[in-house]
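Shown next, in structure tokens, is the structure this report addresses.
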Amino acid sequence: MKIAIVSIVFPYPVDNGGGAATFNMIDYLRHKHAITFICPNVKLENKEKLQELWPNVEILTTNRNEGDSFSLKIYKNLLKLNTFLKGKVEDYFYPKTHLYINDLSKVYFPEFLNLIKNKVTKESFDLVQVEFIEFAGLVHILPKDLPKIFIHHELRFKRLEMEYQTLPIKSLEDQWHISATKDLEIALLNHYDKVVAVTDTDKNFLEEAGIKKELLYTSTLPINFKETKINQPFEFKQNLVFLGPENHYPNLDGINWFLEECWEKISRKHPHLTLQIVSKWTEEFQKLHKTKRNVEFVGFVEDLSTIFEGSIMIVPLRIVSGMRMKILEGISWKMPIISTIEGAEGLPMKDGENCMLAATTEEFIEKTLQLIDDNELRSKLIAESQKLITDQYKIDKCAETRNLLYNSFK
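The working numbering puts the sequence shown at residues 5 to 414.
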């Protein structure tokens, strides 16, 4: 089949969960279909390197904009002015939420629309696949008779609702924003021929929200599990690790919550314990926690085995939707994992069997301490979690599930 895939995430370099999932899926399916991959705002060097890896994929991009587009700058400045005029104090966190910046009707890459429309109208595609909610509105510029599927990586209305619950001050404006976004999101998705959730949990949320049942399909995201010699056996080295960048707001909220509410009580009992935070975090955020002892922001790490060996992975997320690839990443490195219940949503994780799950701050502290102190428990969780990677999240199985969906349009 000849398939056009439109995404806001460019899968090179492979340095985040969404990018890794997109890369792994297309890397498999490109051997079965003629794929055109279309993405905006891409560095030329990244496009050239991915093209070398995918010589049989047509890659179309628009040039990288350094910084925000002019329209996005205006939009953000208007929001800041609105905050100032209402006498609100702008904090570090709220301006980074989707509650603050989300608008599904905004077009941030206008030149990209012409690229897509020209391509799909001038050539005969069998199918168009649109990924990520920011691009859901593209359904209105695509040919009406062309089959369209939407890959829903993160339910935007659900994320906004969870962001709202974490706010110290809850406004009527935010309630309005959440309700209006939900209505628009559901209306847009109902225009597609298929709406693909990445977990059954998200699929159920979408059906309850108003997506027609016959449109819904589940296609989990694959992970390239590491063949690694570390952590065999696991020997704890007094280290906790968090994987993920600050620019994904659920990571920012989660690690800030852990540092403010959990870390002091944990480190007081284990003064030699270290917390390492992997990926890109701003100096501004690091300064907020400069008095916290034994907290290291290590940035991008080329060889994760140097960090993951002998470490417990923490997943202190309170805002979620889609799949947490970091949990599957931790499993592939044979690490014991402690997560909030929300953080493991949609994954077959079971408390005390293949990971530790916590519903409250007190539980997160208590179960982290339990993992630190109990070698037998750590070994059990690692052994049981390995059973998950033998089946449903392997690349070939996930890709064949997606391939069955494609073939249904023949």
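Note that beta-carbon positions come from the ideal geometry of N, C-alpha and C, so glycine has one too.
Do you know how far the Cα of S389 is from the Cα of F312? 16 Å
C-alpha gap between V18 and N50, whole angstroms: When rounded, the distance between both Cα atoms is 10 Å.
In three-state DSSP terms, what is C402? helix
For Q133, is the classification buried or exposed, using 16 other Cβ atoms within 10 angstroms of its Cβ as the cut-off for buried? buried
Supposed contact pair L381 and I318 - C-beta distance, whole angstroms, cut 8 Å: About 15 Å; that fails the 8 Å criterion.
Reference I190, options G248, K216, P99 and T40, closest by Cα: K216
Quick one: grab the DSSP three-state call for E67. Note on residue identity: the sequence assigns Asn, not Glu, to residue 67. Looking at N67 - three-state DSSP - the assignment turns out to be strand.
Does the structure place the stretch 319 to 331 close enough to the stretch 288 to 296 that three or more beta carbon pairs sit under 8 Å? no
Touching by the beta-carbon criterion (3+ pairs, under 8 Å), the stretch 161 to 173 and the stretch 181 to 188: yes
Rank I331, L210 and T205 by C-alpha distance to the C-alpha of L192 and give the top, closest one. L210
With DSSP collapsed to three states, give me the class of P254. helix
Tell me which residue opens and which closes the alpha helix (DSSP H) that H181 is part of. L176 to L193
What do you get for S75, buried or exposed, if any count of 16 or more other CB atoms within 10 angstroms of its CB means buried? For S75, the predicted structure reports a pLDDT of 46, less than 50, and the residue's modelled location is therefore unreliable. The matter cannot be settled from this model.
Could you have a look at N379 and say whether DSSP puts it in helix, strand or coil? helix
Proximity winner among F129, P340, L117 and N122, relative to E138 (alpha-carbon distances): L117
For T1, which residues of its own chain have a beta-carbon under 6 Å away from its beta-carbon, when the five flanking residues on both sides are left out? Past the boundaries of the shown model lies residue 1; the chain is included only from 5 to 414, so the question cannot be answered.
C-alpha distance - L103 paired with G141, whole-angstrom precision: In a straight line, the C-alpha of L103 is about 19 Å away from that of G141.
Three-state class that DSSP yields for D204 in the structure shown: helix
Determine the direct distance from the alpha carbon of E135 to that of T26, and round the result to whole angstroms. If you take the alpha carbons of T26 and E135, they lie about 9 Å apart.
Flag E158 as yes if its beta-carbon sits less than 8 Å from any beta-carbon of chain B, otherwise no. The structure shown contains no chain B; it is built from a single protein chain.
Just confirm the distance between the C-beta atoms of I342 and A362, as a whole number of angstroms; I'd bet it's less than 8 Å. 7 Å
Taking just the CA atoms, how far does K296 sit from Y196? 49 Å
Taking Cβ to Cβ, would you say L219 is nearer than 8 Å to L108? no
Taking DSSP as the reference, what is the three-state secondary structure of A8? strand
Using a Cβ-Cβ cut-off of 8 Å (strictly less than) and excluding sequence neighbours within five positions of G23, which residues of its own chain qualify? Cβ within range, chain order: V13, F14, P15, Y16 and P17.
Measure the CB-CB distance between M339 and N235 and report whether it falls below 8 Å. Yes, Cβ-Cβ distance for M339 and N235 is below 8 Å.
Using alpha carbons as the reference points, say which of N255, I386 and S223 lies closest to E239. I386
Quick one: complete beta strand (DSSP E) runs, 3+ long, within the stretch 105 to 154? 131 to 135
Measuring CA to CA, which of D31, G21, S11 and I7 is closest to I331? G21
Whole angstroms are fine: how far does the CA of K391 sit from the CA of F154? Using only the alpha carbons, I get a separation of about 30 Å.
State yes or no: is the C-beta of E333 within less than 8 Å of the C-beta of W285? no
What three-state label does DSSP hand N473 in the structure shown? Given that the chain is displayed from residue 5 to residue 414, the structure contains no residue 473 and the question cannot be resolved.
Rounded distance between the beta-carbons of M29 and P226, thought under 8 Å: Between the beta-carbon of P226 and that of M29 there is about 6 Å, and that keeps the pair under the 8 Å contact cut.
Once DSSP output is grouped into helix, strand and coil, what is the label at Q280? Strand.
Quick one: grab the DSSP three-state call for M317. strand
Cβ neighbours of N60 in the same chain (closer than 7 Å, five flanking residues each side left out): R34
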